[in-house]
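What follows is a short report on a single structure.
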Amino acid sequence: ETGVTQTPRHLVMGMTNKKSLKCEQHLGHNAMYWYKQSAKKPLELMFVYNFKEQTENNSVPSRFSPECPNSSHLFLHLHTLQPEDSALYLCASSQGDTDSDGYTFGSGTRLTVV
Amino acid sequence: KNEVEQSPQNLTAQEGEFITINCSYSVGISALHWLQQHPGGGIVSLFMLSSGKKKHGRLIATINIQEKHSSLHITASHPRDSAVYICAVDNTDKLIFGTGTRLQVFP
Chain V
6 ETGVTQTPRH
16 LVMGMTNKKS
26 LKCEQHLGHN
36 AMYWYKQSAK
46 KPLELMFVYN
56 FKEQTENNSV
66 PSRFSPECPN
76 SSHLFLHLHT
86 LQPEDSALYL
96 CASSQGDTDS
106 DGYTFGSGTR
116 LTVV
Chain S
954 KNEVEQSPQN
964 LTAQEGEFIT
974 INCSYSVGIS
984 ALHWLQQHPG
994 GGIVSLFMLS
1004 SGKKKHGRLI
1014 ATINIQEKHS
1024 SLHITASHPR
1034 DSAVYICAVD
1044 NTDKLIFGTG
1054 TRLQVFP
């Protein structure tokens, strides 16, 4: 366990379903991130939250909707996804400043859209 | 061309061998990270460095800021080191990732 917990680990959903990914950290970090990792591609930043405020939305389609109710929890709400959205979704947290020890990643949610 | 390039893409080694993975970047950075991703998908942060060299157990990471290059070395490699090693750079508070180096160490 890294200190960042993601659930579920695996998710299969139909294109008309609505589901949510959850990320939780109790490291006292102020920044939380969603990344997408598709096969044979580098990780792509999707969203950044700093002190619960969204500071980055990396041109992500509106079918992905993040929510950060507090600095320990981050959600990614999914609806009407496409098969090409199948990927590993990784959550990470950091202290949010340049003096931090770096990033802590969760184990990811492997999403398959059918 | 990616802003972060890693080489090699794939690497196989015999147990005990000394391994080097390279990372070159073309943007200004505040720090560089080496990450390890196991087959299950989870990512572990190995090093964050902005200058010089860091060592942790059998792992050594170096960075040359002038040449925009970093290396990750594994001494006395072991099958449990088999994983994907990812280089990422901190650029204007965003991480930019390389595509990773897949390492397989055979007994």
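Residue numbers (this note's numbering), protein chains in the order written: chain V, 6 to 119; chain S, 954 to 1060. C-beta: ideal position from N, C-alpha, C; glycine also.
- Spanning the alpha carbons of V/Lys46 and V/Arg115 requires a straight line of approximately 15 Å.
- Identification of chain S residues near V/Gly8 by a Cβ-Cβ cut-off of 7 Å yields none; the smallest Cβ-Cβ distance measures about 11 Å.
- In the structure shown, S/Arg1033 falls within a helical segment according to DSSP collapsed to helix, strand and coil.
- Here the region 87–101 of chain V makes no contact with the region 976–988 of chain S; the two share fewer than three CB pairs at distances below 8 Å.
- By the CB criterion at 8 Å, S/Thr1052 and S/Asn955 fall inside the cutoff.
- The Cβ-Cβ distance between V/Met51 and V/Phe69 falls below 8 Å.
- Secondary-structure assignment with DSSP links S/Asp1043 through a beta bridge to S/Ala984, S/Leu1048.
- With contacts defined by Cβ atoms closer than 8 Å, S/Leu988 and S/Ala1029 do not form a contacting pair.
- V/Cys28 has V/Gln11, V/Leu79 as its beta-bridge partners, per DSSP.
- Per the C-alpha coordinates, the member of S/Tyr1038, S/Val1037, S/Asp1034, S/Ser1004 positioned closest to S/His1022 is S/Ser1004.
- Between V/His78 and V/Glu29, the C-beta spacing is below 8 Å.
- Around the beta carbon of V/Ala36, 16 or more other beta carbons sit within 10 angstroms, so the residue counts as buried.
- Around the Cβ of V/Ala44, a 10 Å sphere holds fewer than 16 other Cβ atoms; the residue is exposed.
- Between S/Ala966 and the set S/Glu958, S/Asp1034, S/Thr1015, the nearest pair of CA atoms involves S/Asp1034.
- Residues of the region 992–1022 of chain S whose Cβ lies closer than 7 Å to any Cβ of chain V, in chain order: Gly993, Gly994, Gly995, Ile996, Val997, Ser998, Met1001.
- Taken in chain order, the members of the region 1034–1052 of chain S whose beta-carbon sits within less than 9 Å of a beta-carbon on chain V are Ile1039, Ala1041, Asp1043, Asp1046, Lys1047, Leu1048, Ile1049, Phe1050, Gly1051, Thr1052.
- Each residue's CA atom was taken as its position, placing V/Glu72 and S/Gly1010 some 39 Å apart.
- S/Pro961 sits in coil when the DSSP states are folded into three classes, being neither helix nor strand.
- Proximity of V/Phe110 to chain S, defined by a Cβ-Cβ separation below 8 Å, is satisfied.
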